[in-house]
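Below: one structure, written as structure tokens.
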Amino acid sequence: MRLRWFIPIALLLPLNLEGKSPVVGARVATITINPREVTVLHLRPEFESTIHMPEEVTSVILGSPGQFKAEHNEGEPDYVYVKPITKEAAQSNLLIATKSGQHVAMELVSDGAEAADETPPVDFLIEYRAARSFLITDDPSPVAMVNAPAKVIGRGASEGGAAPSSPLSNMDEAFRQQEVVNAPTWTKWEDKQIETSIGDIRQLGNRTMISYSILNRSNQAIEIVPPQIQITGRKATKKKKREGKGIISDQLEIRDYKLSATRLEPGVRADGVVVFDRPNFKESTEKLYLQIAQADQVDRPILIRLPFTPPTAADSK
9 MRLRWFIPIA
19 LLLPLNLEGK
29 SPVVGARVAT
39 ITINPREVTV
49 LHLRPEFEST
59 IHMPEEVTSV
69 ILGSPGQFKA
79 EHNEGEPDYV
89 YVKPITKEAA
99 QSNLLIATKS
109 GQHVAMELVS
119 DGAEAADETP
129 PVDFLIEYRA
139 ARSFLITDDP
149 SPVAMVNAPA
159 KVIGRGASEG
169 GAAPSSPLSN
179 MDEAFRQQEV
189 VNAPTWTKWE
199 DKQIETSIGD
209 IRQLGNRTMI
219 SYSILNRSNQ
229 AIEIVPPQIQ
239 ITGRKATKKK
249 KREGKGIISD
259 QLEIRDYKLS
269 ATRLEPGVRA
279 DGVVVFDRPN
289 FKESTEKLYL
299 QIAQADQVDR
309 PILIRLPFTP
319 PTAADSK
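Per our numbering, residue 9 is the first one in the sequence shown, and the count goes up by one each step.
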């Protein structure tokens, strides 16, 4: 009898060892904050990733709460914890804002529980550090500009009549001009806690720059998500020919943006500028919109109609 039991156990033991899950690779990285870059964060079910910011975190905005979980508490103001809550492969985005107005944008990627051995290692710890700048500026804006030019050139002009070096200097100037507007023309929206105001709209080559303001008219604090640009229209398809025309909506790529605050207390105003890649052409039925949404109402954004062909920067001289 002893021999009969020993043989099956001896045969099953190697199979059990081969069935073990592969060892998950781990990565620890230190990254300098750059608001114009997106950090890819590789995650894995059953593992929690830690994000350490150089200062107190004021808001955490998660794109897909049904697939990922992001935690932040006042006891650890510099830390954010992220992990997938589904075993399937998933992807989303995360925005973290700090007390001084700095922010980082992250792309969350989970290859799922059944990920292959060659998948990238899991990011166990991402440590952000503030960018070092040797420029001394009297700009009162709480949003820091990394590697900004020492001299801000006027819109559409520069010293000696040369063209501006990059859209960044134009965006910095537009942001400051929007901040000093004392009494913007506010637009009220039905069933919304915020009012909006559109400032200057300029074309910079193949890109469009828009300055805007947001005002919290409610008696409660709210959070604002980063701006988006949407192009919508109606287009007939062969499959839906009998049903009529289907509504087409696409998000355009945003190259850069500045927002003075993401959390607005009652009566507080935020100013912003967004630069995006505008398509070279569109159909006659398509329309361009600036999309602004509250963090608790991302499915009900405010859509502000934009001109497809705005004035160029040189037209304002």
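We put the CB at the ideal spot given by N, CA and C, even for glycine.
For the alpha helix (DSSP H) assignment, the uninterrupted runs of no fewer than 4 residues enclosed by the segment 169–242 are, from N- to C-terminal side, 175–187. The segment 113–128 and the segment 79–87 do not touch, with fewer than three beta-carbon pairs separated by less than 8 Å. When the five nearest sequence neighbours on each side are left out, the beta carbons in the same chain lying within less than 6 Å of the beta carbon of P128 are those of H50, in order along the chain.
In this structure, V276 places its C-beta atom within 8 Å of the C-beta atom of N224. Bounds of the beta strand (DSSP E) holding P92 are Y87 to P92. No Cβ-Cβ contact shorter than 8 Å links I239 with Q302. Scanning its chain for C-beta atoms nearer than 6 Å, with the 5 sequence neighbours on each side dropped, one finds around A37 the residues I134, in chain order. In this structure, I262 keeps its C-beta atom at 8 Å or more from the C-beta atom of I222. As DSSP reads the structure, T47 sits in a beta bridge with M114. Classified as exposed, P274 has fewer than 16 neighbouring CB atoms from the shown chains inside 10 Å of its CB. Classified as exposed, K95 has fewer than 16 neighbouring CB atoms from the shown chains inside 10 Å of its CB. For the 8 Å CB-CB criterion, H60 and D86 form a contact. Assignment of E79 by DSSP, reduced to helix, strand and coil, places it in the strand class.
Annotated as distal: F284 and T204, with beta-carbon spacing of 8 Å or more. G74 has its alpha-carbon roughly 27 Å from the corresponding atom of K107. Distance check between G33 and each of R44, F316 and F55 places F55 closest, using alpha-carbon atoms only.
Proximity to P235 across A113, I39, N190 and Q228 peaks at A113, based on C-alpha coordinates. Remark: C-beta atoms of S226 and D208 do not approach each other more closely than 8 Å. It is roughly 13 Å from the alpha-carbon of Y89 to the alpha-carbon of L103. Residue range V130 to R137 is occupied by the beta strand (DSSP E) that includes E135. Residue range A98 to T106 is occupied by the beta strand (DSSP E) that includes N101.
Closest in alpha carbon position to V188, among W197, S268 and E63, is S268. Counted as a single uninterrupted DSSP element, the beta strand (DSSP E) harbouring F284 occupies residues R277 to D285. G241 is positioned such that its CB atom lies closer than 8 Å to that of E291.
The Cβ-Cβ distance between T66 and F132 does not fall below 8 Å. In this model, W197 and Q186 are separated by some 21 Å (Cα to Cα). When beta bridges are read from the DSSP output, I262 appears opposite F284.
A distance below 8 Å separates the beta carbons of P318 and Q211. Within the DSSP bridge table, the entry for A34 names V130 as partners.
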